[in-house]
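For the sequence shown, my numbering assigns the number 2 to the initial residue and increments by one for each residue that follows.
Idealized CB from N, CA, C, for every residue including glycine.
None of these values were measured; they are calculated from a predicted model.
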Amino acid sequence: MRDENLSRRKFLQGLAVAVPAGSVLVQSRVQAQDLPKLDPADPAAQALVYVEDAAKVDTSNPMAARFEAGQDCANCAQIQGEDGAEWRGCGIFPGKLVAAKGWCSVWAPKP
Ligand code: SF4
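Pasting the structure below:
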């Protein structure tokens, strides 16, 4: 087999892998943006004392006793999606977006 045919074949094989991977990335971004925002009144959100603004954490609630200033969803280990986005996915609330400046009792620092 000639080198030209071999390199064309390798190029096409690489393209076949790259195009679907790119499609999945674009699709997952579009889908993430379409997700509904987590309602703080949702029973699961209430159980974990989720708030959309960490400045409004009720520290008198024992579930929020370990809250410290500076903690928010954007610097939590469970946050997903792109840095800088106002609303992002969360590993604890699948299928919903949480506020980057929010907080809940599951907060843990990013590794
Ligand atoms: S687990 Fe982390 S990212 Fe998810 S809502 Fe709680 S604090 Fe925010």
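request  = Can you say whether Asp59 is buried or exposed, counting buried as having 16 or more other CB atoms within 10 angstroms of its CB?
outcome  = For the purposes of this step, residue 59 is taken as the residue at position 58 of the sequence shown. Classification for Asp59: exposed.
inquiry  = Taking 8 Å as the cut-off, is the C-beta of Ala123 nearer than that to any heavy atom in the ligand SF4?
reply    = Look at the range of the chain in this structure, 2 to 112, and you will see that residue 123 is not part of it.
message = Can you determine whether any heavy atom of the ligand MN sits closer than 8 Å to the C-beta of Leu39, and answer yes or no?
response = As far as ligands go, the structure on display features the ligand SF4 and does not contain the ligand MN.
request  = Please report the Cβ distance between Tyr51 and Leu36, rounded to the nearest whole angstrom; I am assuming they are in contact, meaning their Cβ atoms lie under 8 Å.
outcome  = What you label residue 51 is simply residue 50 of the sequence shown in a count that begins at 1. What you label residue 36 is simply residue 35 of the sequence shown in a count that begins at 1. Rounded, the Cβ-Cβ distance is 15 Å, inconsistent with contact.
ask   = Smallest Cα separation from Ile93: which of Cys74, Arg67, Glu69?
value = Within the sequence shown, numbered from 1, the residue matching residue 93 stands at position 92. For Ile93, the closest alpha carbon among the candidates Cys74, Arg67, Glu69 is that of Cys74.
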